Each structure stands twice: as structure tokens, then as C-alpha cells.
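Participant:
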Amino acid sequence: MKKEKITITVDGKEVAAYAGETILDAAKRAGIYIPTLCHHPLLSNTGACRMCVVKIEGTGRQNLNSSCTTPVNDGMVVTTESPEIKKMRRLNLELIFSERNHQCPFCEKSGNCELQAVAYRLGMDYVRFPFLWPKKEVDASHPDIIHDANRCMLCGRCVRSSEEVDKKGVFAIKGRGIDSDVTVNIDGRLGDTEVTKDDVAIQICPTGSLCEKGLAYSERYGERRFDMKPIEGPVEPK
Ligand code: FES
């Protein structure tokens with residue numbers, strides 16, 4: 505079926521959109537950056553992280569909506585950047601950082617972490633809240649994968665990708681509120697499941713929570729420029 509084309513306004517600019525798609529998808533196609541964490545183009549959206557909040561004209565002064573879950577309407581007027589939006593994103597980000605161990609210098613995914621990248625992009629130079637330092641289990645029972653719940657931000661991407669893409673349903677979020685945790689969906693540990701290191705669920709983790717064993721600090725996990733050795737002599741351009 506042909507998609508109906510509509511027009512919305514994003515940050516004062518007219519943007520072509522398709523009826524039913526999300527504000528995030530329309531904005532992205534127009535080259536407008538909106539930070540995201542729980543969203544991934546392969547997966548359904550849940551609006552868990554609230555990083556992608558935007559202001560929609562006519563929805564009330566305090567009302568910021570997650571752009572990854574809000575469908576566009578013809579004539580919709582959207583603002584993606586303002587002091588109010590910045591404040592809300594920053595607050596959400598600081599809460600995520602304070603709830604678990606997101607201390608980048610000690611994480612093997614440092615340099616290749618979406619949470620870290622968004623924090624840099626948003627200029628997060630401190631966290632106002634006390635760190636909770638919960639002591640979560642590290643599950644190293646799988647021969648190729650390590651699951652460190654201390655580095656989880658509960659975005660649910662592993663749960664959704666294991667269900668929707670890998671078709672295995674290996675992960676689930678159990679518990680409520682601050683006590684929520686991603687765990688395996690069976691009575692057992694990661695090593696008892698059929699998950700493999702190549703599953704999208706493992707590759708799609710935005711933090712250092714689900715990692716392939718043996719890749720710590722390697723190029724694939726974010727080798728940083730200052731870790732590299734300078735090359736002697738002239739280098740031919742590629
Ligand atoms: S990316 Fe939209 S709520 Fe997380």
C-alpha cells in the first residue's frame with residue numbers, strides 16, 4: 505500500500521513525512537539529530553529511556569513526548585531543541601548514570617558505548633545525584649558472552665531483539681522500578697540458553713552490559729586513538 509505523504513514542521517523547517525511513522529524517523533530522514541538510547545531501527549519502540557523527548561505544539565506546557573513512539577500528524581509542529589528539552593534529557597541521563605555502574609574508564613566498551621556517546625554529545629560533565637552502586641550479578645556462565653547487570657541501563661534492546669529478530673526470547677526484564685533487571689527468560693543462567701555471541705541481542709547492547717568475551721579493549725570495542733601506536737616514516741594516502 506502506498507504511504508500517505510504529509511508535512512510536519514520540525515525546528516521551523518518543513519519536513520516531508522509518511523502518515524503513521526514516528527517523529528524520530530521523519531526527523532532523522534531530514535538530517536535532524538535527536539538523541540536516542542532504547543530505540544534501534546531494527547526493533548519496536550517502547551519509549552523507555554526518554555532521551556528522545558521533543559515538544560509538540562498544542563500538547564500543554566509541561567508535556568514532552570518521546571519522539572520514537574509518537575506518530576506524526578499532518579501539520580504537526582515539533583521542537584527538538586530548547587532549554588526545557590535539554591534539561592529533561594540531561595536529567596534522564598544523569599538518573600541512568602547514577603543508578604548503576606556507568607564509570608566509563610573501567611568499562612571495556614568505553615569508546616564504543618552509546619550511553620557514553622550521548623553523554624558527551626549532551627555535554628554531561630557531572631552527575632547531581634548520589635550513585636546507588638547496587639551490587640548486581642555478573643553472569644559469566646556462557647563460553648562466549650559476559651552479562652554484567654551493573655552496566656545495564658534497562659533499555660530493553662536485548663529483550664526485544666532476542667524476541668523480534670533472533671526469535672529466541674532469551675532475555676526478560678524482571679522486577680519492578682529500581683529493582684528491575686534484565687535476566688534470562690528461564691530458570692538458569694546465560695550458559696543454559698541458546699543465545700550465541702552473533703545474536704543481534706548481544707551485538708545491539710548500547711553499553712558494556714552484554715559483551716563478547718575476549719574483546720575487551722580491542723578495536724571492535726572501542727580502541728581509542730590515543731591508545732594507538734604512531735607509525736614510523738611517511739604514510740601514503742589511501
Ligand atoms: S529513544 Fe525514545 S524513549 Fe528511548
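Numbering-wise, this note's numbering comes out as the position in the sequence shown, counting from 1, plus 504.
Note that CB positions come from ideal geometry on N, CA and C, so glycine has one too.
Quick caveat, the model's predicted, so the values are computed rather than measured.
Just to confirm the assignment, what range does the alpha helix (DSSP H) spanning Glu-598 have?
Facilitator: 587-603
Participant: Flag this pair as yes or no: are the beta carbons of Lys-606 and Arg-655 separated by less than 8 Å?
Facilitator: In the sequence as displayed, the identity of residue 606 is His instead of Lys. Cβ atoms of His-606 and Arg-655: closer than 8 Å.
Participant: Is the CB-CB distance between Glu-518 and Thr-526 below 8 Å?
Facilitator: no
Participant: Could you please go through the chain and list the residues whose beta-carbon is closer than 6 Å to any non-hydrogen atom of the ligand FES?
Facilitator: Thr-540, Leu-541, Cys-542, His-543, Gly-551, Ala-552, Cys-553, Arg-554, Met-555, Cys-556, Ser-570 and Cys-572
Participant: In chain order, which continuous runs of the alpha helix (DSSP H) of length 4 or greater are located wholly inside the segment 617-675?
Facilitator: 618-625 and 661-668
Participant: Quick one: is Phe-601 buried, meaning 16 or more other Cβ sit within 10 Å of its Cβ, or exposed?
Facilitator: buried
Participant: So, at 6 Å on beta carbons, what are the nonlocal neighbours of Gly-516 in its own chain, with the 5 sequence-adjacent residues on each side left out?
Facilitator: none
Participant: Taking Cβ positions, are Ile-708 and His-544 nearer each other than 8 Å?
Facilitator: yes
Participant: Measure the alpha-carbon distance for Ser-614 versus Cys-715 and round it to whole angstroms.
Facilitator: 12 Å
Participant: Could you please give the first and the last residue of the uninterrupted beta strand (DSSP E) stretch that includes Ala-521?
Facilitator: Where Ala-521 is concerned, the enclosing beta strand (DSSP E) stretches over 517-522.
Participant: Between which two residues does the alpha helix (DSSP H) containing Ile-527 stretch?
Facilitator: 527-533
Participant: Under three-state DSSP, which class holds Ile-512?
Facilitator: strand
Participant: How big is the Cα-Cα spacing for Ala-621 and Gly-535?
Facilitator: Taking the straight line from one Cα to the other gives about 18 Å.
Participant: If you draw a straight line from the alpha carbon of Leu-568 to that of Pro-539, how long is it in whole angstroms?
Facilitator: Going by the C-alpha atoms only, they are around 14 Å apart.
Participant: On a Cα-Cα basis, can you pick out the residue from Arg-664, Asp-696 and Lys-509 that is closest to Ile-706?
Facilitator: Arg-664
Participant: Express the C-alpha separation of Cys-553 and Lys-672 in angstroms, rounding to a whole number.
Facilitator: 24 Å
Participant: Under 8 Å by Cβ, that's how I've got Val-642 and Ile-649 pegged, so tell me the actual separation to the nearest angstrom.
Facilitator: At roughly 12 Å, the Cβ-Cβ gap does not stay under 8 Å, so Val-642 and Ile-649 are not in contact.
Participant: In terms of DSSP beta bridges, what is Pro-575 paired with?
Facilitator: Looking at the DSSP assignment, Pro-575 forms a beta bridge with Thr-526.
Participant: One question on the structure: do Val-581 and Ser-570 come within less than 8 Å of each other, judged by their Cβ atoms?
Facilitator: no
Participant: With distances taken between CB atoms, is the gap from Glu-686 to Ala-644 smaller than 8 Å?
Facilitator: Residue 686 is actually Val in this sequence, not Glu. Contact: no.
Participant: How many Å lie between Glu-598 and Gly-679 at the Cα?
Facilitator: 22 Å
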